[in-house]
Amino acid sequence: MHKMKTSNKKITIKVIVSYLFLGILSAIVALFIHQEIEKLAIQEEIYKDGQNNIFKISKILTSMYETESAGRIAVQSDNEDSFLLFTDKNNQLQQEIESFKADISSKEHHNLLDSVQNLLELKKQNIHELRILKNSDSSFVLIRSAILKLSSLEPSMGNFLLPTKTKSTNKKTVPTKKDRDTDIRSIIKKYKDVKLPPVRYQSQIDEAILQTRKLLSKMEEDVINHKTEHYEKTRLLWQNDLRISEKLKDLLHSFEKEIIHNTELLNIDRQKAFQRSRWILSIAFVIALLVMIVFSLVILNDFWKIQKYRVELERANLRSNNLLKSREQLISMVSHDLRTPLSTIVGYSELLRKNTSSEKDKNYIKHIQSASQFVTKLVDELLDYAKIEAGKITIEKVPVDLVEIVKEVAQNVRSTYPNKAIELILDFSESVKNTRFSSDAYRIKQVLYNIISNAYKFTEKGNIRVLVQAQVLEHSLHEISIAVTDTGIGNKKENQNAVFEEFNQENTSKNNGGYGLGLHICQKLAHLLKGKISLQSSEGVGSTFTFTFKAQKVTEKQKDKIWTSLKKRKKLL
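Heads up: the sequence shown begins at 295 in our numbering, then just goes up one per residue.
Here is the structure:
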């Protein structure tokens, strides 16, 4: 049985250890896989950031194209609103670039965006200068100067040169491009039909032509310079736009390369993570499988041992049951078979004692009666033991006067040992005086007789004290305590638990007798009374046996009902 319990404990421990090991292995695998997932999540965030940057760059490119269109309109148009629209678009583009710079951390990308912002600022300045250059066209001024110079020659040369009715006014107006083109065409038309004056005015004509040629040459040179400057400004503007576009394209290409690179890294990391996870799971599976196989073999080995122990235990149990049945049958048979001849021996010995006058014969008869009483007591206890083991003893609850029972048992035991000068002290608490409890009086007497007899048996001098108390548990339920204290030989501490075992004969000798069933039967009876017997003993000092059991307090009305019920039951029996 001990081996079987040990094996059961071992199996439980091994199962717990196996599950614990598998749990730790699962936790380690989960930790590794979680780390791989965390790495992939970081790569995914980088990939998403790259996609967001691409979207923002595309938005900046769209704004740049809108700004470029607004700039071209501002250059070609004389309307101030077009330039204001370009300025708003340019500022909006600058803000978008500044916002985008806050979202990126690459120094190279920051430098690219700074150069784009500088180019946008330069573009704004170029468009502003182009508008100023366009509005201050010097060709019109030079043509007007030539007209005025030729007009100053008219008084000396007559009105043949410029027959026009146009008169100058003091009102200053800003000529438009259409007006300037009309004036140039009118001047050319006027000089088509020029009539040569008489020869006497040849010197004035030459001077006028020379001055006019100089003015026209100067005008041509200034117009060429103006066109060259305008062309250069325009070229710089478009070149600036081209550079901005290239910068943004480079930036976009850089981000695209970075995203492609990050995507490739992400794919590589994914493959590595999957490979590592698969490798970890494979190793974990193999380890778990090996652990399961090893622990299964170990547990199965213990299980087979348990099965073997169980078979052995069942055989031993069957053998023990057979022995117990045989013992009970033997005890029952011996007890019944001994009771009849014992009764005969006791009866005839009593007749012999009455009919003999010889002291020698009386002494013989006395020994016969003493031995007969001993054997009779043994038979009675064997019968009680057999009944208890078979579960055939029942408790009959009747009104009990504990004071009367204790006094009766104590006096009977005392009369059995008339040669021992031992003081018997009976102490009853107020809770038991003039009070009756519902319990089995016969079994209480049987237990008390055995305990008090043992006290007299193992005490040579001093006193024996019997203390009876009752403590309320709830309502009418009480716990009865009967403590028997002696000043006898006592008992060793290591032997105190063994005194209640069957066929135990601690501290017995020829003088004391005993056969080891009394206290065992008393303990069984105490359990039937819902109580127990406890022992406190010191070797050479004495012992205290405390018999406790539970009982209901009985009133006079209840007492009458109980007795009436018992009488009816006896009549039925």
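Each residue gets a CB set at the ideal place from its N, CA and C atoms; glycine is no exception.
Given the structure is predicted, the values throughout are model-derived calculations rather than measurements.
ask   = Is it true that the region 639-649 meets the region 673-682, where meeting means three or more beta-carbon pairs spaced less than 8 angstroms apart?
value = no
query = Say the cut is 7 angstroms; is the CB of THR842 nearer than that to a heavy atom of the ligand FAD?
reply = The ligand FAD is not part of the structure shown, which contains no ligands of any sort.
ask   = How many angstroms separate the CA atom of LEU314 from the CA atom of SER352?
value = For the purposes of this step, residue 314 is taken as residue 20 along the sequence shown, with counting starting at 1. For the purposes of this step, residue 352 is taken as residue 58 along the sequence shown, with counting starting at 1. Cα to Cα, the separation comes out at about 56 angstroms.
ask   = In its own chain, which residues sit with a C-beta less than 7 angstroms from the C-beta of ALA820, not counting the 5 before and 5 after it?
value = Here residue 820 refers to the residue found at position 526 of the sequence shown. Hits under 7 angstroms: VAL741, LYS826, ILE827, PHE841, PHE843.
ask   = Should GLU523 be labelled buried (16 or more other beta-carbon atoms within 10 Å of its own) or exposed?
value = As a position in the sequence shown, residue 523 is number 229, starting the count at 1. So GLU523 counts as exposed.
message = Below 8 angstroms, how does it come out for the region 781-793 and the region 718-728: are there three or more Cβ pairs, yes or no?
response = no
Option nearest LYS671 by Cα separation, candidates ARG647, LEU387, ASN657, LEU636 = The residue you call residue 671 lines up with position 377 of the sequence shown. Minimum Cα distance to LYS671 is reached at LEU636.
inquiry  = What would DSSP say about PHE780, mapped onto helix, strand or coil?
reply    = Position 486 of the sequence shown holds residue 780. A quick correction: the sequence has Asp, not Phe, at residue 780. Strand at ASP780.
inquiry  = Does SER666 pass the burial test, meaning 16 or more other C-beta atoms within 10 Å, or should it be called exposed?
reply    = The residue given as residue 666 occupies position 372 in the sequence shown. Buried, because 16 or more other Cβ atoms sit within 10 Å of the Cβ of SER666.
key: Closest Cα partner of VAL835 within the set GLY317, SER614, THR779, LYS342   = Locating residue 835 in the sequence shown gives position 541, where the first residue counts as 1. Taking only the C-alpha atoms, the option nearest VAL835 is THR779.
key: Euclidean distance between Cα positions of LEU617 and ALA610   = For this step, residue 617 is matched to residue 323 along the sequence shown. For this step, residue 610 is matched to residue 316 along the sequence shown. Taking the straight line joining both Cα atoms gives about 10 angstroms.
ask   = Taking 8 angstroms as the CB-CB limit, is SER376 close to chain D?
value = Protein chains in the displayed structure number just one, and chain D is not present.
query = Would you say the region 708-720 touches the region 743-761, given that touching needs at least three Cβ pairs under 8 angstroms?
reply = yes
ask   = From the DSSP output, which residues share a beta bridge with SER828?
value = The residue labelled residue 828 in the question sits at position 534 within the sequence shown. SER828 is bridged to THR840.
message = Just to confirm, is the Cβ distance from LEU823 to SER733 under 8 angstroms?
response = By 1-based counting over the sequence shown, the position of residue 823 is 529. By 1-based counting over the sequence shown, the position of residue 733 is 439. Yes.
query = Roughly how many angstroms separate the alpha carbons of LYS383 and TRP573, rounded to a whole number?
reply = As a position in the sequence shown, residue 383 is number 89, starting the count at 1. As a position in the sequence shown, residue 573 is number 279, starting the count at 1. For LYS383 and TRP573, the distance between alpha carbons rounds to 57 angstroms.
ask   = Among LYS417, THR710, ILE554, THR306, which residue has its Cα nearest to the Cα of THR361?
value = The sequence position of residue 361 within the sequence shown is 67, counting from 1. Comparing Cα positions, the closest option is LYS417.
Distance, PHE394 Cα to SER400 Cα = Taking the first residue of the sequence shown as position 1, residue 400 is located at position 106. Taking the first residue of the sequence shown as position 1, residue 394 is located at position 100. Distance between the alpha carbons of SER400 and PHE394 is about 12 angstroms.
Extent of the continuous alpha helix (DSSP H) run through SER732 = Locating residue 732 in the sequence shown gives position 438, counting from the first residue. Taken as a continuous stretch (DSSP letters only), SER732 belongs to no alpha helix (DSSP H), being part of the beta strand (DSSP E) at 730-733.
query = Apart from the five residues just before and just after ILE875, which ones in its own chain have a Cβ nearer than 7 angstroms to its Cβ?
reply = The structure shown does not extend to residue 875, since the chain spans only 295 to 867, so no value can be given for it.
query = Thinking C-beta only, is ALA684 closer than 8 angstroms to ILE746?
reply = Start at 1 with the first residue of the sequence shown, and residue 746 comes out as number 452. Start at 1 with the first residue of the sequence shown, and residue 684 comes out as number 390. Against a cut-off of 8 angstroms, the Cβ pair of ALA684 and ILE746 comes out as no contact.
inquiry  = Spatial neighbours of GLU833 within its chain, please: C-beta separation below 7 angstroms, excluding the five flanking residues on both sides.
reply    = In the sequence shown, residue 833 corresponds to position 539, counting from 1. GLY784, ASN785, LYS786, listed in sequence order.
task = Could you tell me whether the Cβ atoms of ARG537 and LEU414 are closer together than 8 angstroms?
result = On the sequence shown, residue 537 is found 243 positions in, with the first residue counted as 1. On the sequence shown, residue 414 is found 120 positions in, with the first residue counted as 1. Not closer than 8 angstroms, so no.
ask   = Which word fits ASP372, buried or exposed, when buried means at least 16 other C-beta atoms lie within 10 angstroms of its C-beta?
value = Looking up residue 372 in the sequence shown gives position 78. Per the 10 Å Cβ criterion, exposed.
Best match in SER837, ALA368, GLN565 for proximity to TYR750 [C-alpha to C-alpha] = Along the sequence shown, one-based indexing puts residue 750 at 456. For the residues SER837, ALA368, GLN565, the minimum Cα distance to TYR750 belongs to SER837.
ask   = Going straight from the alpha carbon of SER511 to that of HIS520, what length do you get?
value = For the purposes of this step, residue 511 is taken as the residue at position 217 of the sequence shown. For the purposes of this step, residue 520 is taken as the residue at position 226 of the sequence shown. Approximately 14 angstroms between the Cα atoms of the pair.
Extent of the continuous alpha helix (DSSP H) to which ILE662 belongs = Counting from one through the sequence shown, the residue named residue 662 turns up at place 368. Counting along the chain, the alpha helix (DSSP H) containing ILE662 begins and ends at 653-684.
ask   = Once you ignore the five residues that flank SER606 on each side, which residues in its own chain have a CB closer than 8 angstroms to its CB?
value = Reading the sequence shown from its first residue, position 312 is the one you call residue 606. For the sequence presented, residue 606 should be read as Glu rather than Ser. Here the set comprises nothing.
Cβ-based burial, ASN649 [other Cβ within 10 Å; buried from 16] = The sequence position of residue 649 within the sequence shown is 355, counting from 1. Answer is exposed; the Cβ neighbour count stays below 16.
message = As a quick exercise: from LEU530, VAL669, GLU644, pick the residue whose alpha carbon is nearest that of ILE659.
response = Walking along the sequence shown from the start, residue 659 turns up at place 365. Of LEU530, VAL669, GLU644, the residue nearest in Cα terms is GLU644.
message = Give me the residue from GLN389, GLU390, ILE421 with the minimum Cα distance to GLN370.
response = As a working mapping, residue 370 is identified with position 76 in the sequence shown. With distances taken between Cα atoms, GLN370 lies closest to ILE421.
message = DSSP has ALA764 in a bridge; who is on the other side?
response = In the sequence shown, the residue the question calls residue 764 occupies position 470. Answer is ILE774.
message = Based on DSSP bridge pairs, tell me the residues matched to HIS589.
response = In the sequence shown, the residue the question calls residue 589 occupies position 295. Residue identity differs from the one stated: residue 589 is Phe in this sequence, not His. Answer by DSSP bridge pairing: none, since PHE589 is not bridged.
request  = Could you spell out the range, first to last residue, of the beta strand (DSSP E) harbouring PHE394?
outcome  = Residue 394 sits at position 100 when you count from the first residue of the sequence shown. It is not in any beta strand (DSSP E) - PHE394 instead sits in the alpha helix (DSSP H) that spans 374-397.
request  = Mark ALA321 as exposed unless 16 or more other C-beta atoms lie within 10 angstroms of its C-beta, in which case mark it buried.
outcome  = For this step, residue 321 is matched to residue 27 along the sequence shown. Answer is exposed; the Cβ neighbour count stays below 16.
ask   = Assuming ILE774 contacts ALA845 under a Cβ cut-off of 8 angstroms, what Cβ separation, rounded to an integer in Å, is found between them?
value = Within the sequence shown, the letter at position 480 stands for residue 774. Within the sequence shown, the letter at position 551 stands for residue 845. Between ALA845 and ILE774 the Cβ distance is about 6 angstroms, and since that is below 8 angstroms, they are a contact.
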